[in-house]
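Asker: In order, the protein sequence lines correspond to chains A and B.
Counted the way the numbering used here counts, the first sequence spans residues 841 to 1166.
Counted the way the numbering used here counts, the second sequence spans residues 841 to 1166.
Protein chains: 2
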Amino acid sequence: MATLHDTETFEGESFPSPLAINHAIAADLIAVLVAVTAGEPRVLTIQDRRALPSGPFELEHRSLQSGLRAWVERQTKHPLGYVEQLYTFADKDRAGTGQRVVSISYLGLTREQPLAPEQEARWLGWYTFFPWEDHRDGPPAMIEAALVPRLEAWAAGALDPGVRQARTQRAAITFGLDGRPWNEELVLQRYELLYEARLIPEALRGAAPEGEGFTVPGRAMILDHRRILATGIARLRAKIKYHPVVFELMPETFTLLQLQRCVEALAGRLVHKQNFRRLIEAQELVEETGETAQDTGGRPAKLFRFRREVLAERAIVGTKLPISRA
Amino acid sequence: MATLHDTETFEGESFPSPLAINHAIAADLIAVLVAVTAGEPRVLTIQDRRALPSGPFELEHRSLQSGLRAWVERQTKHPLGYVEQLYTFADKDRAGTGQRVVSISYLGLTREQPLAPEQEARWLGWYTFFPWEDHRDGPPAMIEAALVPRLEAWAAGALDPGVRQARTQRAAITFGLDGRPWNEELVLQRYELLYEARLIPEALRGAAPEGEGFTVPGRAMILDHRRILATGIARLRAKIKYHPVVFELMPETFTLLQLQRCVEALAGRLVHKQNFRRLIEAQELVEETGETAQDTGGRPAKLFRFRREVLAERAIVGTKLPISRA
DNA sequence: CATGCTTATACTCCTAGTGAGCATTTCTGG
DNA sequence: CCAGAAATGCTCACTAGGAGTATAAGCATG
């Protein structure tokens, strides 16, 4: 049928009926599957650790979400505790082939299970892909050593002084330079900045021959998979602050320090122990099991379990506007 | 080509290559276009106010986002100040035809412009579709009068006492019953609750013949467009709290009260005037133009303009975890 | 078995943000 | 001149959350 996006008029017919089929395209699902093991955030990868698992668009399921869940659980035997749609990518030439592919990406939280050795899938720490994102021991040295000089060169390379200033400012804000605070949620912005500055191997593909140009440490992935992973990390780092999803990554029972280490692993930065406990307990997110963990290396810690009831008891709040409660 | 989602094994080949085309499906874009006119939040509709504008999946553009922007601006002559992807819907039988359609929905902010009279598109206040969402004059009477009794009946209709209790609790939380606070962000949850309770005409289609069953006030839309609209409203209500997008809905210059009325219109609730001003000025989001508006009916108000620089100066923050700044 | 290391747990202090109300100023319309 | 409507300025009280101190309870080791 005729599509109308060339029509310059805007009359009755100009908006096609929502029932009309406009373009047949190809679609698939891409999953960012996250677990936290031994205090490290990890993602499931395939293809020699260079790709995120992607799968068919299943037609049988009630919803995309349930389709994704069933597919992952069948393929990996990892039950998914939490699933959330991330973003739909359909940029031109994503695949580099001229082929238009729509990829609907999802974030899934799980607990790492042993993978059969013949399987191609591997769990890998996500800081392998984003070494500049782990600030648990302070800002990684590679930021000052490798990123800053190249970002400065990139900024200086702009002809227009306004652009130069804007690039410098963007780098300073996203990477927390010049005494600015580090904002762990800007994962995607940082990746995109490095991409624009052509410091990411993925950005050089097609243009320069592989191997040319200075690139920055951090494992590359195929196509735009690293961007999708960055999107997932950013979403998760934001989410843990107002929704109790961390517990989907924890074992059934855990100590408060384990919980804290898990949050820190995801956020890539440390939190104040006493305040963390105060916050968790004030919200009544957990309850004691009555047991203690003896292998802490110090005073035994009480074991806790997530109070699943809170998911029903509460709705997510979080208000920044001066809203009257009257 | 063969899809692998029936395979129960998980070996090398089980994850198809991301380049593989798994299913050819139909895709379109759906836009929630919002403006605030005369203190009322409005959305652009077509098809006798029963549908959101939807359009073709454009292949020429660099990205989905730019494709949507170009399409809307060409069709409606409304420049879009802000565009954000909402959600991708592909649930089975969304269209009711068995046809699988993927709809990528977007939220766009603009300023209402006159529409040519022959155009099918119409701006309509969004509370026409969600009369229970406007709490600017206190909770609408229709909640107590029309919603609560039917939700109670629905809850009581469950055989299992646990389900009864859960339904009652959900209704109480989402609608702020039993002295609970009203949370304006739960737009989608409220709509889905009413949908599940079969109080929404859209939920009765196909099952019961049209006209049967008690439904609740509020204009219906085709397919799942009202759900998409609810998603957009919810997203916008959340967004205005931590990102300065309201200004995309305002004229070039405005008084602080106009700005406040705009926020209140979107949030569906009132804010404390003095605190609102304090917040806006503390964040240095606006600057005085030097002029005053005389037609306020009282003391003339200073006119302000949005300081666009803040978009570059700042990154969005907002932290709820006890994160150390050291 | 005393000592020191490690971790858990309990309090205290301080400050920025913010909800709420009062008071004063400056306009318009009778 | 007076009432009404906003705009604008200021105070107050409370809370969340950042940071530090102090104490308790285990283990390893000489």
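Every residue, glycine too, gets a C-beta built ideally from N, C-alpha and C.
#1: Taking the beta carbon of serine 945 of chain B as the centre, do at least 16 other beta carbons fall within 10 Å, making it buried, or is it exposed?
#2: Run the CB neighbour count on asparagine 862 of chain B, radius 10 Å, all protein chains shown included, and call it buried at 16 or more, exposed below.
#3: Taking the beta strand (DSSP E) that leucine 1143 of chain B belongs to, which residues open and close that run?
#4: Does leucine 1076 of chain A come within less than 8 Å of chain B when only Cβ atoms are used?
#5: Going along chain B in order, which residues have a C-beta closer than 7 Å to the C-beta of threonine 1095 of chain A?
#6: Out of curiosity, what's the CA-to-CA distance linking arginine 1077 of chain A and glutamine 1114 of chain A?
#7: 8 Å is my cut-off, CB to CB: does alanine 1122 of chain B come that close to chain A?
#8: So, is the C-beta of valine 1157 of chain A closer than 8 Å to a C-beta in chain B?
#9: Please report the distance separating the alpha-carbon of serine 894 of chain A from that of threonine 950 of chain A.
#10: Taking the alpha-carbon of valine 912 of chain B as reference, which of B/Leu884, B/Phe929 and B/Tyr927 has the nearest alpha-carbon?
#11: Looking only at its chain, what residues have a beta carbon closer than 6 Å to the beta carbon of phenylalanine 855 of chain B, apart from the 5 residues adjacent to it on each side?
#12: On a CA-only basis, which of A/Leu1026, A/Arg1045 and A/Glu1088 is nearest aspartate 974 of chain A? Give me that one, please.
#13: For the segment 876-908 of chain A, list every residue whose C-beta sits within 7 Å of some C-beta in chain B, in sequence order.
#14: According to DSSP, simplified to helix, strand and coil, what is tryptophan 963 of chain A?
#15: Flag valine 942 of chain B as yes if its beta-carbon sits less than 8 Å from any beta-carbon of chain A, otherwise no.
#16: Rounding to the nearest angstrom, what Cα-Cα distance links proline 1091 of chain B and valine 1126 of chain A in this structure?
#17: Beta-carbon separation of alanine 996 of chain B and arginine 990 of chain B under 8 Å?
#18: Please report how far the alpha carbon of lysine 1079 of chain B lies from the alpha carbon of threonine 1095 of chain B, in whole angstroms.
#19: Which same chain residues end up closer than 6 Å to threonine 1008 of chain A when comparing Cβ atoms and leaving out the 5 residues on each side of it in sequence?
#20: Exposed or buried, what is leucine 926 of chain B when buried is set at 16 or more other beta-carbons lying within 10 Å of its beta-carbon?
#21: Alpha helix (DSSP H) containing isoleucine 1068 of chain B: first to last residue?
#22: Rounded to the nearest angstrom, how far is the Cβ of glutamate 952 of chain A from that of arginine 890 of chain A, given a contact under 8 Å?
#23: Does DSSP put alanine 956 of chain B in a helix, a strand or coil?
#24: Since valine 1027 of chain B is in the beta strand (DSSP E), which residue starts that stretch and which ends it?
#25: Determine the DSSP secondary structure at leucine 1017 of chain B, reduced to helix, strand or coil.
#26: Going by beta-carbon coordinates alone, are isoleucine 1062 of chain B and serine 943 of chain B separated by less than 8 Å?
#27: Return helix, strand or coil for leucine 1151 of chain A, following the three-state DSSP convention.
#28: Using a Cβ-Cβ cut-off of less than 8 Å, list which residues of the segment 1129-1152 of chain B approach chain A; keep chain order.
#29: Checking contacts by CB at 8 Å: is threonine 928 of chain A closer than that to chain B?
#30: Since serine 945 of chain A sits in a beta bridge, which residues does DSSP pair it with?
#31: Look at the Cβ atom of phenylalanine 1144 of chain B, then the Cβ atom of threonine 1132 of chain B, and state whether they are nearer than 8 Å.
#32: Please list, in chain order, the chain B residues whose beta carbon lies closer than 7 Å to that of glutamine 925 of chain A.
#33: Mind checking whether valine 872 of chain A and leucine 1106 of chain A have CB atoms under 8 Å apart?
#34: Take the Cβ of phenylalanine 1015 of chain B as the centre, count every other Cβ of all protein chains shown within 10 Å, and call the residue buried at 16 or more, exposed below.
#35: Using a C-beta cutoff of 8 Å, does glutamine 953 of chain A count as contacting chain B?
#36: Contact defined as beta carbons within less than 8 Å: I believe proline 1084 of chain A pairs with valine 988 of chain A. What is the distance between those atoms, to the nearest angstrom?
Answerer: The structure says:
#1: buried
#2: The pLDDT assigned to asparagine 862 of chain B is 42, lower than 50, so where the model puts this residue is not dependable, and the model offers no usable value.
#3: 1141-1146
#4: Chain B, which has no Cβ nearer than 8 Å to the Cβ of leucine 1076 of chain A, makes this no.
#5: Within chain B, no residue comes near threonine 1095 of chain A; the closest Cβ sits about 18 Å away, beyond 7 Å.
#6: Per the coordinates, the alpha-carbon of arginine 1077 of chain A lies some 21 Å from the alpha-carbon of glutamine 1114 of chain A.
#7: no
#8: No answer about valine 1157 of chain A holds up, because its pLDDT of 47 lies below 50 and its placement is not dependable.
#9: 17 Å
#10: B/Leu884
#11: In this prediction, phenylalanine 855 of chain B has a pLDDT of 40, which is less than 50 and means its spatial position is unreliable; what the coordinates show is noted afterwards. Result list for phenylalanine 855 of chain B: empty, nothing under 6 Å.
#12: A/Leu1026
#13: The segment 876-908 of chain A vs chain B, Cβ under 7 Å: Ile886, Ala891, Pro893, Ser894, Gly895, Pro896, Phe897, Glu898, Leu899, His901, Arg902, Ser903 and Leu904.
#14: Tryptophan 963 of chain A: strand per DSSP, three-state reduction.
#15: So, interface residue.
#16: 48 Å
#17: Result no, Cβ atoms of alanine 996 of chain B and arginine 990 of chain B do not sit closer than 8 Å.
#18: 22 Å
#19: Ala995
#20: buried
#21: 1065-1079
#22: With 8 Å as the limit, glutamate 952 of chain A and arginine 890 of chain A do not qualify as a contact, their Cβ atoms being about 20 Å apart.
#23: coil
#24: Segment 1027-1036 is the alpha helix (DSSP H) holding valine 1027 of chain B; no beta strand (DSSP E) there.
#25: coil
#26: no
#27: helix
#28: Ala1152
#29: Judged by the 8 Å Cβ criterion, threonine 928 of chain A is in contact with chain B.
#30: A/Ile870 and A/Tyr927
#31: no
#32: Residues of chain B passing the Cβ test: Tyr927 and Thr928.
#33: no
#34: buried
#35: No, no contact with chain B.
#36: The pair is not a contact, with the Cβ atoms about 37 Å apart (cut-off 8 Å).
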